[in-house]
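Numbering that gives the first Met the number 0 puts the first residue of the sequence shown at 0, with every later residue one more than the last. Even glycine gets a Cβ: it sits at the ideal position worked out from N, Cα and C. Because the structure is a prediction, the values reported are computed rather than measured.
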Amino acid sequence: MTDQTTPKALEDSEEIGGCRPPLWIILLAVVVVIFSAYLGLQIFSVLWGIIFIPDAPRPPDVVELSHDGGDYGYDLWHYESKLPPCELIAFYEQAGSTCTINAGACDGMTYIHPIYEEPNFAVCTGIREFSIFALRWEATLDVLYLENPSFSRFTLESEVLWGGVSSP
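So, in structure tokens, the structure goes:
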């Protein structure tokens, strides 16, 4: 038997086999695609954080009395809550806040009416990181100084830290 391949058929078979890129180019393309996807996700999370700023924690069923949003990323709200003052403090502590309470004001979840009026019953501050930024909030509780308060008023101030959380 003789081989009946013509020179034209040999040229066609070499072209078909020779058009496949080398393996290193394929691997390089895969690495570039993975790196681009990773970089794109990082950029996307930053843009998402700029456009959709998270809210500071708020207890359920609050009534907004006023709101002032001076700058983008800064807000000041005045709320009234149906939670008693000590339960409101417990809410903010569960949300990750550090609270400073006037001495002797809460006995567990029971509010103890002060002998003299103080404007700020408690101050709770917290920070939550998102993307490369952080959100700092401060809730200042103002008790209406009733003998048995069944609700409380508080001021919630939130600010986006565009530089992120700084080291102490």
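Distance check for Phe51 and Ser133, CA to CA, integer angstroms please. Looking up residue 133 in the sequence shown gives position 134. Looking up residue 51 in the sequence shown gives position 52. In the sequence on display, residue 133 carries Ala and not Ser. About 13 Å.
Hey, Glu63 and Trp47: beta-carbon distance below 8 Å or not? On the sequence shown, position 64 is the one that residue 63 refers to. On the sequence shown, position 48 is the one that residue 47 refers to. Contact: no.
Considering only the alpha carbon of each residue, which of Leu155, Gly69, Leu82 and Glu128 lies closest to Ala138? Indexing the sequence shown from 1 puts residue 138 at position 139. When each option's Cα is compared against that of Ala138, the closest is Leu155.
Roughly how many angstroms lie between the CA atoms of Phe43 and Val31, to the nearest whole one? Taking the first residue of the sequence shown as position 1, residue 43 is located at position 44. Taking the first residue of the sequence shown as position 1, residue 31 is located at position 32. Distance between the alpha carbons of Phe43 and Val31: 18 Å.
Taking a contact to mean a Cβ-Cβ separation below 8 Å, would you say Arg127 touches Pro53 in this structure? For the purposes of this step, residue 127 is taken as the residue at position 128 of the sequence shown. For the purposes of this step, residue 53 is taken as the residue at position 54 of the sequence shown. Between Arg127 and Pro53, the C-beta gap is smaller than 8 Å, which places the two residues in contact.
Member of Glu158, Ser130 and Leu87 whose CA lies at the smallest distance from the CA of Tyr73: Stepping through the sequence shown from its first residue, residue 73 is reached at position 74. It is Glu158 whose Cα lies nearest to the Cα of Tyr73.
Sequence-distant residues of its chain with Cβ nearer than 8 Å to Ser65 (five each side left out): For the purposes of this step, residue 65 is identified with residue 66 of the sequence shown, where counting begins at 1. For Ser65, where only same-chain residues beyond five positions count, the Cβ hits under 8 Å are Trp76 and His77.
Under the three-state DSSP convention, the category Ala36 falls into: Looking up residue 36 in the sequence shown gives position 37. Three-state DSSP puts Ala36 in a helix.
Which residue spans inside the stretch 52-136 form an unbroken beta strand (DSSP E) run of at least 3? Scanning the stretch 52-136 for uninterrupted beta strand (DSSP E) segments of 3 residues or longer gives 61-67, 73-80, 97-100 and 121-129, listed from N- to C-terminal end.
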